[in-house]
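Reviewing the structure listed below.
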Amino acid sequence: MRVIAKSALRSFWEKHKDAENTLKGWYEEAARATWKTPSDIKAAYATASFLSHNRVVFNIRGNHYRLVVHVRYDIERVYIRFVGTHADYDRIDALTI
């Protein structure tokens, strides 16, 4: 999958150093993946949550942080929509961000 944009992850881990290794690992795994359906993601990330409009929520660093992406299975793209703390996540609408 092509992940758009790593810079959002980098900006976050520069402020939250404890998330750096986990986000780098997620990025590398996603970039190597060939997800065709939500089931493919679920097989790799059992705790991922699936929302409508092809949104997926990943728990980062033992559920300390949240990562929301929009997946375009048809063109093999993953768009980073949000990365933040649980408090930040509670203030957004993951379907529209």
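This note's numbering applies: residue 1376 is where the sequence shown begins, and numbers increase by one. Idealized CB from N, CA, C, for every residue including glycine. If you're wondering where the values come from, they're calculated on a predicted model, not measured in any experiment.
My understanding is that residue i touches residue j, with C-beta atoms under 8 Å, so please give their C-beta distance in whole angstroms.
i	j	result
residue 1397	residue 1436	4 Å
residue 1440	residue 1458	7 Å
residue 1404	residue 1419	7 Å
Beta-carbon within less than 8 Å of residue i's beta-carbon, same chain only, minus the 5 sequence neighbours each way: which residues are those?
i	result
residue 1402	1378, 1381 and 1384
residue 1428	1445 and 1470
Leaving out five residues before and five after residue i in sequence, what residues of the same chain have Cβ atoms less than 6 Å from its Cβ?
i	result
residue 1391	none
residue 1461	none
residue 1464	1441
Which word fits residue i, buried or exposed, when buried means at least 16 other C-beta atoms lie within 10 angstroms of its C-beta?
i	result
residue 1406	exposed
residue 1426	exposed
residue 1466	exposed
Which residue wins for smallest C-alpha separation from residue i, given the options the options?
i	options	result
residue 1387	1450, 1456, 1417 and 1431	1456
residue 1474	1413, 1451, 1450 and 1445	It is not possible to answer for residue 1474, since the shown part of the chain is limited to 1376 through 1472.
residue 1443	1450, 1451, 1449 and 1431	1431
May I ask which residues mark the beginning and end of the beta strand (DSSP E) holding residue i?
i	result
residue 1400	Unbroken run through residue 1400 is the alpha helix (DSSP H), 1395 to 1407; no beta strand (DSSP E).
residue 1424	1424 to 1426
Only counting the same chain, and skipping five residues up and downstream in sequence, which positions put a Cβ closer than 7 Å to that of residue i?
i	result
residue 1416	1410, 1423 and 1431
Hey, could you find the ends of the alpha helix (DSSP H) residue i is sitting in?
i	result
residue 1442	No alpha helix (DSSP H) holds residue 1442; the beta strand (DSSP E) holding it covers 1440 to 1447.
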